[in-house]
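What follows is a set of notes on a single structure, which appears directly below.
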Amino acid sequence: MKQKDWQVWMIENSDGQEKTLSITEALREAARDLASLSMTARLDSELLMAYSLGIERDSLLLGAWGDKAAPPAFFEAVKRRKKNEPIAYILGYRDFWTLRLTVTPDVLIPRPDSETLIETAITYFREHQFQPEKILDLGTGSGALLLAALDEWKEAQGLAVDASPAALKIARLNAEKCGLLPRADFKIGHWGQEIEQKFDLLLCNPPYISRDAMMPADVLHYEPHLALFGGEDGLSDYREVIPEIPSLLTERGIACLEIGFDQAETVSLIAKETGLKSQIFCDIEQRPRCILLNRQ
Numbered sequence: 001m002k003q004k005d006w007q008v009w010m011i012e013n014s015d016g017q018e019k020t021l022s023i024t025e026a027l028r029e030a031a032r033d034l035a036s037l038s039m040t041a042r043l044d045s046e047l048l049m050a051y052s053l054g055i056e057r058d059s060l061l062l063g064a065w066g067d068k069a070a071p072p073a074f075f076e077a078v079k080r081r082k083k084n085e086p087i088a089y090i091l092g093y094r095d096f097w098t099l100r101l102t103v104t105p106d107v108l109i110p111r112p113d114s115e116t117l118i119e120t121a122i123t124y125f126r127e128h129q130f131q132p133e134k135i136l137d138l139g140t141g142s143g144a145l146l147l148a149a150l151d152e153w154k155e156a157q158g159l160a161v162d163a164s165p166a167a168l169k170i171a172r173l174n175a176e177k178c179g180l181l182p183r184a185d186f187k188i189g190h191w192g193q194e195i196e197q198k199f200d201l202l203l204c205n206p207p208y209i210s211r212d213a214m215m216p217a218d219v220l221h222y223e224p225h226l227a228l229f230g231g232e233d234g235l236s237d238y239r240e241v242i243p244e245i246p247s248l249l250t251e252r253g254i255a256c257l258e259i260g261f262d263q264a265e266t267v268s269l270i271a272k273e274t275g276l277k278s279q280i281f282c283d284i285e286q287r288p289r290c291i292l293l294n295r296q
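For the sequence shown, full-length UniProt numbering gives the first residue as 1, with consecutive numbering after it.
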């Protein structure tokens, strides 16, 4: 193969003439080229190709696209990925729960692990036979947690709080795109400060990575550090948020907070000192991921 650059990949045919790579060929070469930086190089390549063609990945895999010429936009997208830019920022979206959410470098990319908070809340309210009417999402970012909850509980109203005006703009955009804007309010603020309402469900994914933790390059160099790092030990924001929780919950209300896999014991102790009862729930890989808090 003769590779000129990432904008135009060319290959010599049997007659010695150059032709643009087909989609099949470009996918193969991109996956090979991305393998050193991504454990999902083939998936990355397929997502970027579908994005460049303006179709869904399923359509790419099921359709007769293989022999068509790869679009120039694909090579530009792969160039960005080779610089460790996250796939979600290149695509401009991330699927979370039942929703497709716009994401930009102003917001943390929603992870499947965070869906554990929604699953935990669903189980709790089903077992206790009532549904949340008012939902609070502290540090909402893209709005993922609040919007997933509002999509689940069709009669609920929600409030999203974030210290970043840029993040709130994205959250509001996502609420509008998902048809949930009439049931969602947005507030600039620092955690639960200056909130006088009480809620049946409080959701929060605070920064919980310690300052000296080793991080993948695509996270460290692109995602907002204010949404990632929780001080020297990763617990600074729990120490702020958890003492606010009792004043924010209704009598039967609960809080579901995301935690790092090794933080269950320490965060539970912070909750106990605040007078809250705690339960730990694991993610799909059986790692502690959600702490459920309610009154003693």
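Beta carbons are placed, not taken as given, at the ideal position from N, Cα and C, and that holds for glycine.
This one's a predicted model, so the numbers in the text were calculated from it and none came from an experiment.
C-alpha distance - residue i paired with residue j, whole-angstrom precision
i, j, result
"Gly260", "Ile284", "14 Å"
"Ile122", "Ala70", "44 Å"
"Gln7", "Gly66", "In this predicted model, Gln7 has a pLDDT of only 43, less than 50, meaning its place in the structure is not dependable; the value taken from the coordinates is given anyway. C-alpha separation (whole angstroms): 19 Å."
"Ala156", "Asp212", "40 Å"
"Phe96", "Ala88", "12 Å"
"Ile118", "Ile291", "12 Å"
"Glu194", "Ser164", "16 Å"
"Thr98", "Leu248", "27 Å"
"Asp137", "Leu101", "16 Å"
"Phe75", "Asn294", "51 Å"
"Pro246", "Glu85", "40 Å"
"Ile280", "Pro243", "18 Å"
"Thr120", "Arg289", "10 Å"
"Asp5", "Glu240", "Any reading at Asp5 needs caution, since the residue's pLDDT is 47, under 50, leaving its predicted position unreliable; the model's value is listed next. Distance between the alpha carbons of Asp5 and Glu240 is about 50 Å."
"Arg80", "Leu34", "11 Å"
"Glu251", "Ser59", "49 Å"
"Ala149", "His225", "25 Å"
"Pro216", "Glu265", "26 Å"
"Glu232", "Met214", "13 Å"
"Pro132", "Tyr222", "35 Å"
"Gly230", "Val267", "13 Å"
"Glu176", "Pro182", "8 Å"
"Ala227", "Gln197", "25 Å"
"Gly92", "Asp151", "21 Å"
"Ile170", "Glu29", "34 Å"
"residue 297", "Ile90", "Only positions 1 to 296 of the chain appear in this structure, which leaves residue 297 out of reach."
"Thr20", "Pro72", "10 Å"
"Arg172", "Ile109", "16 Å"
"Ser52", "Thr40", "18 Å"
Contact check, residue i vs residue j, beta carbons under 7 Å
i, j, result
"Ala166", "Asp237", "no"
"Ser114", "Asn174", "no"
"Asp200", "Leu159", "no"
"Leu27", "Ser45", "yes"
"Leu48", "Ala77", "yes"
"Leu180", "Leu220", "no"
"Arg94", "Val103", "yes"
"Glu56", "Ala50", "yes"
"Leu203", "Cys256", "yes"
Environment of residue i [buried if 16+ CB atoms lie within 10 Å]
i, result
"Gln296", "exposed"
"Gln263", "buried"
"Asp162", "buried"
"Glu127", "exposed"
"Ala254", "Note on identity: in this sequence residue 254 is Ile, with Ala being the wrong assignment. With 16 or more Cβ atoms within 10 Å of its Cβ, Ile254 is classed as buried."
"Ser278", "buried"
"Ser36", "exposed"
"Pro207", "buried"
"residue 331", "Residue 331 is absent from the model: the chain starts at 1 and stops at 296."
"Glu258", "buried"
"Gln286", "exposed"
"Ala271", "buried"
"Leu235", "buried"
"Leu145", "buried"
"Thr140", "buried"
"Gly192", "buried"
"His188", "Note that residue 188 corresponds to Ile in the displayed sequence, not to His. Classification of Ile188: exposed, given that the 10 Å Cβ count is below 16."
"Gly143", "buried"
"Lys68", "exposed"
"Leu276", "buried"
"Leu62", "exposed"
Where the beta strand (DSSP E) containing residue i begins and where it ends
i, result
"Leu27", "First-last for Leu27: Ile23 to Leu34, but that is the alpha helix (DSSP H), not the beta strand (DSSP E)."
"Ile291", "Pro288 to Arg295"
"Leu101", "Leu99 to Thr102"
Boundaries of the alpha helix (DSSP H) in which residue i is found, first to last residue
i, result
"Pro72", "Pro72 to Lys82"
"Thr120", "Glu115 to Glu127"
"Asp58", "Arg57 to Leu62"
"Lys277", "That residue, Lys277, is in no alpha helix (DSSP H); its beta strand (DSSP E) goes Leu276 to Cys282."
"Arg42", "Ala41 to Leu53"
"Thr266", "Ala264 to Glu273"
"Leu91", "Ile87 to Leu91"
Check: residue i C-beta below 6 Å from any heavy atom of the ligand HEM
i, result
"Ile87", "Ligands in the displayed structure: none, and consequently the ligand HEM is not present."
Contact with chain D by residue i, beta-carbon distance below 7 Å
i, result
"Glu152", "Of the protein chains in the structure, only one exists, and it is not chain D."
Complete runs of the beta strand (DSSP E) confined to the UniProt domain "Methyltransferase" (133-257) [at least 3 residues]: 134-138, 157-162, 184-188 and 199-204
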